[in-house]
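Residue numbers (UniProt numbering): 1 to 204.
Glycine is no exception: its CB is placed at the ideal position from the N, C-alpha and C atoms.
Being a predicted model, the structure only gives us computed values, none of them experimental.
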Amino acid sequence: MENLIIRKERKDDYFNVEYMTKKAFWNLHVPGCSEHYLVNILRKSDDYIEDLSRVAELNGEIVGTIMYTKSYVINETDSTEVLTFGPLCVEPSYQNKGIGKALLETTMELAKKDGHRAIIIYGEPEYYPRYGFKTCDNFGITTKDSKNFPAFMAIELVPNGLKDVHGRFYESKVFEELIEEKVEEFDKKFPYMQKLKLQGQWDF
1 MENLIIRKER
11 KDDYFNVEYM
21 TKKAFWNLHV
31 PGCSEHYLVN
41 ILRKSDDYIE
51 DLSRVAELNG
61 EIVGTIMYTK
71 SYVINETDST
81 EVLTFGPLCV
91 EPSYQNKGIG
101 KALLETTMEL
111 AKKDGHRAII
121 IYGEPEYYPR
131 YGFKTCDNFG
141 ITTKDSKNFP
151 AFMAIELVPN
161 GLKDVHGRFY
171 ESKVFEELIE
181 EKVEEFDKKF
191 PYMQKLKLQG
201 QWDF
């Protein structure tokens, strides 16, 4: 896309990135969302990888972001560091224009150059396989609860990056810190949006 800039986030971007993330996820998976709060606390986490994370800017407006953290595959004898990204999102009015693709491809190339061996995510199973992601059962990796399912995917950034890696996947503990009361308080910083129960949302 012409005039699209993929760059590192600056401090003066913080509010706009969080608000854009709120709009991207609001009522998508559940009524409301917590991803904008996640963006805020990710930056303060020891597992956050600022050097890989990027924002997309179009004509001076923040229209997308991707944020990376350290994760681990652990078994009885070994612990292997891998990457996880999330959230990866695009401003709703700019979706389906290649911005998410640009964020993903740019940062995957950076991760390869930095010597990272693999990425493991929980993501949309209809979307990520086009970039080479495969379900984790192909690599002998399960969730920490010993489960596998279509949304649990990995990609090797180097040849055979996961060949000798097997075990359970543990993402950063920051993803477990989405406490509802704190999310609600944080959300007051942003323009009000109504929570709605919609068809197609996750059913807990």
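Look at C136 here: in three-state DSSP terms it is helix. A distance of 8 Å or more separates the beta carbons of C89 and T107.
Rounded to whole angstroms, the gap between the alpha carbons of E18 and G60 is 16 Å.
The C-alpha of M1 is placed about 21 Å away from the C-alpha of M67. Collapsing the DSSP output to three states places L110 in a helix.
Per DSSP, Y170 lies in no alpha helix (DSSP H); the unbroken beta strand (DSSP E) holding it starts and ends at G167 to Y170. By the Cβ neighbour-count rule, F149 is exposed, with fewer than 16 other Cβ atoms within 10 Å of its own.
E81 sits exposed, since fewer than 16 C-beta atoms from the chains shown fall within 10 Å of its C-beta. Counting only residues of its own chain and dropping the five nearest sequence neighbours on each side, K197 has a CB closer than 6 Å to the CB of P31.
Judged by DSSP in its simplified three-state form, V39 adopts helix.
Residue pairing by DSSP places E81 opposite Y72 in a beta bridge. Judged by beta-carbon spacing, P87 lies within the 8 Å limit of T21, meaning their Cβ atoms are closer than that value. When only Cα atoms are considered, A24 and G98 end up about 15 Å apart. Between the segment 115-129 and the segment 32-44 there are fewer than three inter-stretch CB-CB distances shorter than 8 Å, so the stretches are not counted as touching.
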